[in-house]
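Participant: Going line by line, the protein sequences match chains A and B.
For the first sequence, counting from 1, position 52 maps to 51 in numbering that gives the first Met the number 0; every step adds exactly one.
For the second sequence, counting from 1, position 97 maps to 96 in numbering that gives the first Met the number 0; every step adds exactly one.
Where a beta carbon is used, it is the ideal one built from N, C-alpha and C, also for glycine.
Everything numeric in this text was worked out from a predicted model, so none of it was measured.
Below are the structure tokens for one structure; questions will follow.
There are 2 protein chains.
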Amino acid sequence: MPFINFNNLERVKVWEGITGTVAHSDTMTYARLRIKKGTVLQPHSHPHEQWTHLLEGRLSFTIGDETQILEHGMAAHIPSNVPHKIEALTECFVIDCFTPVREEFKKLEVIG
Amino acid sequence: MPFINFNNLERVKVWEGITGTVAHSDTMTYARLRIKKGTVLQPHSHPHEQWTHLLEGRLSFTIGDETQILEHGMAAHIPSNVPHKIEALTECFVIDCFTPVREEFKKLEVIG
Chain A
0 MPFINFNNLE RVKVWEGITG TVAHSDTMTY ARLRIKKGTV LQPHSHPHEQ WTHLLEGRLS
60 FTIGDETQIL EHGMAAHIPS NVPHKIEALT ECFVIDCFTP VREEFKKLEV IG
Chain B
0 MPFINFNNLE RVKVWEGITG TVAHSDTMTY ARLRIKKGTV LQPHSHPHEQ WTHLLEGRLS
60 FTIGDETQIL EHGMAAHIPS NVPHKIEALT ECFVIDCFTP VREEFKKLEV IG
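And the structure:
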């Protein structure tokens, strides 16, 4: 289906404190996620290139050795295999976009 | 720079009635665009895979022979080379994401 309603999709748990809705196209994975205040994702990396766009909240984002506080309308892009870390300073609402598809996101725990 | 503030970037004109801010990473182009009410983009296609995510407004989106009215939180993904058309039923605010990079978007007219 070429049309996705992120308001109605089943919610999945991506990580402790990170939940939302995820969809996949041929070469991209697209997710709309809520991040609980205080959630920390320690430095990690993946071959997928990633964009994170902040819709709501304040998110501390570290890519390599650069850190920035992201707010509404700000984005980060993470090149392939570059370590990155996040800390949610408030509850956050984000759009994440990855290429290629994150195959492991097709098997996430459904929470309703 | 891995961090982008779409609130501060120079605005470009993408098409008649479509303006906004555009940024590029290694393999993706990411744009936050306003579409003027009444704007119609006739069927067109490109090799880039595309996701359009509606932040605000009502956008009639046709992909192949399927049409859907997109509203807040809804998205469309357009496979490579598939014809698609839009009509803005109200002013719309969208996030577009493409892979690979839309090289021609690096030369758009800056409008301030």
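If I follow the unbroken beta strand (DSSP E) through K106 of chain A, where does it start and stop?
Facilitator: Neither: K106 of chain A is in no beta strand (DSSP E) and is coded neither H nor E.
Participant: Would you mind telling me which residues of chain B sit closer than 8 Å to D25 of chain A, beta carbon to beta carbon, in chain order?
Facilitator: Here the neighbours are E48, P78 and S79.
Participant: Using DSSP bridges, identify the partner residues of K12 of chain A.
Facilitator: Under DSSP, the beta-bridge partners assigned to K12 of chain A are A:T18 and A:E108.
Participant: Taking 7 Å as the CB-CB limit, is I68 of chain A close to chain B?
Facilitator: no
Participant: Would you say T98 of chain B faces chain E, with C-beta separation under 7 Å as the test?
Facilitator: Among the protein chains in the structure shown, which are A and B, there is no chain E.
Participant: With a threshold of 7 Å between beta-carbons, can P42 of chain A be considered close to chain B, or not?
Facilitator: no
Participant: Going by C-alpha to C-alpha distance, which of B:H83, B:L32 and B:F92 sits closest to H45 of chain B?
Facilitator: From the listed residues B:H83, B:L32 and B:F92, the smallest Cα separation to H45 of chain B is found for B:H83.
Participant: Suppose you measure from the CA of E55 of chain B to the CA of L69 of chain B; what does that come to, to the nearest Å?
Facilitator: 9 Å
Participant: For the pair the segment 33-41 of chain A and the segment 80-97 of chain A, tell me if three or more CB-CB distances fall below 8 Å.
Facilitator: yes
Participant: Under the three-state reduction of DSSP, which class applies to E55 of chain B: helix, strand or coil?
Facilitator: strand
Participant: Quick check: what's the CA-CA separation for M73 of chain B versus I110 of chain A?
Facilitator: 20 Å
Participant: Consult DSSP for E86 of chain B and reduce its assignment to one of helix, strand or coil.
Facilitator: strand
Participant: Check this for me: beta carbons of I50 of chain B and Y29 of chain A, under 7 Å apart or not?
Facilitator: The sequence given here places Trp at residue 50 of chain B; Ile does not occur at that position. In this structure, Y29 of chain A lies closer than 7 Å to W50 of chain B by Cβ.
Participant: Please tell me whether P1 of chain A has its Cβ less than 7 Å away from any Cβ of chain B.
Facilitator: Yes, its Cβ sits closer than 7 Å to a Cβ of chain B.
Participant: Examine chain A for any beta-carbon lying closer than 7 Å to the beta-carbon of F110 of chain B, and answer yes or no.
Facilitator: The question names Phe, yet the displayed sequence has Ile at residue 110 of chain B. For I110 of chain B, the answer is no, since every Cβ of chain A falls outside 7 Å of its Cβ.
Participant: Starting from R101 of chain B, trace the beta strand (DSSP E) both ways and give me its first and last residue.
Facilitator: No beta strand (DSSP E) contains R101 of chain B, which DSSP labels as neither H nor E.
Participant: Are there 16 or more other CB atoms within 10 angstroms of the CB of G19 of chain B, so buried, or fewer, so exposed?
Facilitator: buried
Participant: When DSSP labels each residue in this structure, what does N6 of chain A get in the three-state scheme?
Facilitator: coil
Participant: Would F5 of chain B pass as an interface residue toward chain A - the criterion being a Cβ-Cβ separation below 7 Å?
Facilitator: Output row for F5 of chain B: interface = yes.
Participant: Helix, strand or coil: which one does DSSP assign to H71 of chain B?
Facilitator: coil
Participant: Residues of chain B with CB closer than 9 Å to the CB of E90 of chain A, please, in chain order.
Facilitator: Under the 9 Å cutoff, chain B gives no residues; its nearest Cβ is about 17 Å from E90 of chain A.
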